[in-house]
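Trainee: All residue numbers for the sequence shown refer to full-length UniProt numbering, where the first residue is 1 and numbers rise by one.
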Amino acid sequence: MIILGPAYSGRETVYSNASLLIQNVTQNDTGSYTIQITQRGDGAKGVTGHFTLYLETPKPSINSSNLSPREAVETVILSCDPDTQDVSYLWWINGQSLPISRKLQLSENNRTLVLSGVTKDTAGPYECEMKNPVSSSRSDPVTLNLLLELPEPYIISNNFNPMENKNVVALTCEPKTQNYTYVWWVNGQSLPVSPRLKQPSKNRILILTSVTRNGTGPYECEIRDRVGSICSDPVTLDVLYGPDIPSIFPSLTDYQSGENLHLSCFADSNPPAEYTWSMHGKFLKSGQELFIPQITTKHTGIYGCFARNSATGRERSTFKMIVVSGKWIPASLAIGF
Numbered sequence: 001m002i003i004l005g006p007a008y009s010g011r012e013t014v015y016s017n018a019s020l021l022i023q024n025v026t027q028n029d030t031g032s033y034t035i036q037i038t039q040r041g042d043g044a045k046g047v048t049g050h051f052t053l054y055l056e057t058p059k060p061s062i063n064s065s066n067l068s069p070r071e072a073v074e075t076v077i078l079s080c081d082p083d084t085q086d087v088s089y090l091w092w093i094n095g096q097s098l099p100i101s102r103k104l105q106l107s108e109n110n111r112t113l114v115l116s117g118v119t120k121d122t123a124g125p126y127e128c129e130m131k132n133p134v135s136s137s138r139s140d141p142v143t144l145n146l147l148l149e150l151p152e153p154y155i156i157s158n159n160f161n162p163m164e165n166k167n168v169v170a171l172t173c174e175p176k177t178q179n180y181t182y183v184w185w186v187n188g189q190s191l192p193v194s195p196r197l198k199q200p201s202k203n204r205i206l207i208l209t210s211v212t213r214n215g216t217g218p219y220e221c222e223i224r225d226r227v228g229s230i231c232s233d234p235v236t237l238d239v240l241y242g243p244d245i246p247s248i249f250p251s252l253t254d255y256q257s258g259e260n261l262h263l264s265c266f267a268d269s270n271p272p273a274e275y276t277w278s279m280h281g282k283f284l285k286s287g288q289e290l291f292i293p294q295i296t297t298k299h300t301g302i303y304g305c306f307a308r309n310s311a312t313g314r315e316r317s318t319f320k321m322i323v324v325s326g327k328w329i330p331a332s333l334a335i336g337f
């Protein structure tokens, strides 16, 4: 008598000679089978046999979490598919079995291979093999396409000391490569839209057509690929300008005899301006300040301040009329007058 159990699917036939026929075998039929033969009328007597059904292994394929990892940085997980029972998984690199390495870690059933910090030595090609007692098959090779570590960019310039509104400055982001995208930053912000800023050569070169004192930077260039980015050290231009028209301080113009005359002059300039003073066109002294103690009416006149920038070759001047009246009498002595 043949008793059908819960695993019966309709494709199985058991014959009187204890043979088993399974039609249209699938991977799900793989596994261990047990046959139990008992003597009719005496269930206590009989024999039990075991056998395992193996199917021909399918050709596996390798799936990767990342086929283009950053060299020496990123971790990659390779898996051998399909996930099949009763098979052994083997891995090969460069046609050889896997070496013992901390950077190559296999899962418990060997189906998954974890590559830590992939380098040229561990980029492959990789193959995985599925194997059982009756067959084996190997995948097509898979080689990882390593992305080189991003080099640290740096900025070179045709002129780090341009003259305001006179020199054209070209900033170049190095190194030159075909595989990166270049991005420029000024004062920590992306470049504003301006006719004074041009970016030929796929943004690797930044041209400042008219540099002003407000365009000193700092400038940074950034290189990017699909994985990450890295910025250069900031570069600041030393823009030469000025001097602007100088100003004389204080604004006071009327003095009394006996007072001290203390004037100072300032003109915005880079590098700082050199100053000279004159009175009625005659040289008085050099320096940013003019001090004359206890002035008299003889000191009435037109005072000139001259500011000169030796780097730009420019000189600007301004003039101030100082009027000194009669002798000054202290307030304590003026009572009663």
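Every residue, glycine too, gets a C-beta built ideally from N, C-alpha and C.
These numbers were taken from a predicted model, which means no experiment stands behind them.
(1) Given this structure, state the Cα-to-Cα distance separating C231 from S210, to the nearest angstrom.
(2) Could you check what DSSP says for Y161 in three-state terms: helix, strand or coil?
(3) Grab the span of the beta strand (DSSP E) containing I3 for me, first residue to last.
(4) In whole angstroms, what separates the C-alpha of I207 from that of V168?
(5) According to the Cβ coordinates, are S116 and C128 closer than 7 Å?
(6) Buried or exposed: where does V324 fall if 16 or more other Cβ atoms within 10 Å of its Cβ makes it buried?
(7) Once DSSP output is grouped into helix, strand and coil, what is the label at K120?
(8) Output yes or no for whether 7 Å exceeds the beta carbon distance between I248 and K198.
(9) Among Y89, P151 and Y126, which has the Cα closest to the Cα of S135?
(10) Exposed or buried, N309, counting other C-beta atoms within 10 Å across all chains shown (16 or more means buried)?
(11) How do the region 149-156 and the region 223-237 stand: do at least 3 beta-carbon pairs fall below 8 Å, yes or no?
(12) Using DSSP's beta-bridge definition, name the partner residues of T276.
(13) Going by DSSP in three states, G95 sits in which element: helix, strand or coil?
(14) If we count Cβ pairs, one from each stretch, closer than 8 Å, do we get three or more for the region 216-228 versus the region 291-299?
(15) Flag this pair as yes or no: are the beta carbons of A307 and P243 separated by less than 7 Å?
(16) Are the beta-carbon atoms belonging to P246 and C173 less than 7 Å from one another?
(17) Short check: CB of L67 to CB of W91, under 7 Å?
(18) For W184, which residues in the same chain have their Cβ closer than 6 Å to its Cβ, ignoring the five residues on either side in sequence?
(19) Nearest to S97 by CA position, among P82, V76 and T122, is which residue?
(20) Using the C-alpha atoms, what's the distance from M130 back to Y8?
(21) I322 to E259, Cα distance in whole Å?
(22) Give me the Cα-Cα distance between F337 and K298, rounded to the nearest whole angstrom.
(23) Looking only at C-alpha atoms, which of N24, P175, N161 and V25 sits nearest to T312?
(24) For E71, collect the residues of the same chain with a Cβ closer than 7 Å to its Cβ; drop the 5 residues on either side in sequence, then sort them by chain order.
(25) Quick check on the burial criterion: 16 or more other C-beta atoms within 10 angstroms. Buried or exposed for V239?
(26) Within 10 angstroms of its Cβ, does S79 collect 16 or more other Cβ (buried), or is it exposed?
(27) If I measure Cβ to Cβ from D81 and keep anything under 8 Å in the same chain, skipping five residues before and after, which residues do I get?
(28) When you compare each of W277, G326 and L144 to R316 by their alpha carbons, which one comes out closest?
(29) Excluding the 5 residues preceding and the 5 following N159 in the sequence, name in chain order all residues of the same chain whose CB lies nearer than 6 Å to its CB.
(30) Please name the residue or residues paired with T172 in a DSSP beta bridge.
(31) Return the CA-CA distance between D83 and I3, expressed in angstroms with no decimal places.
(32) Between Y219 and Y182, what straight-line distance do the alpha-carbon atoms span, to the nearest angstrom?
(33) Do T57 and N132 count as a contact pair if the criterion is CB distance below 7 Å?
Mentor: Walking through what the data contain:
(1) 25 Å
(2) The identity of residue 161 in the sequence shown is Asn, whereas the question assumes Tyr. If DSSP states are grouped into helix, strand and coil, N161 belongs with coil.
(3) From DSSP, I3 is part of no beta strand (DSSP E); its letter is neither H nor E.
(4) If I take the Cα positions, the gap works out to 7 Å.
(5) Contact check for S116 against C128 fails: the beta carbons are separated by 7 Å or more.
(6) The residue is buried, with at least 16 neighbouring Cβ atoms inside 10 Å.
(7) helix
(8) no
(9) Y89
(10) buried
(11) yes
(12) S286 and F306
(13) Looking at G95 - three-state DSSP - the assignment turns out to be coil, as it is neither helix nor strand.
(14) Judged by Cβ distances under 8 Å, the region 216-228 makes no contact with the region 291-299, as fewer than three pairs qualify.
(15) yes
(16) no
(17) no
(18) L191, L206 and C221
(19) Looking at P82, V76 and T122, the one whose alpha-carbon comes closest to that of S97 is T122.
(20) If you take the alpha carbons of Y8 and M130, they lie about 28 Å apart.
(21) 12 Å
(22) Unreliable positioning characterises F337 in this predicted model, as indicated by a pLDDT of 36, which lies under 50. A coordinate reading is not provided.
(23) N161
(24) V118, T119, L146, L147, L148 and E149
(25) Flag for V239 reads buried.
(26) buried
(27) Counting only Cβ-Cβ distances below 8 Å, and skipping sequence neighbours, we find P60, S61, I62 and N63.
(28) W277
(29) N167 and V169
(30) I156 and I205
(31) A straight-line Cα-Cα distance of about 33 Å links D83 and I3.
(32) 13 Å
(33) Cβ distance < 7 Å, so N132 and T57 count as in contact.
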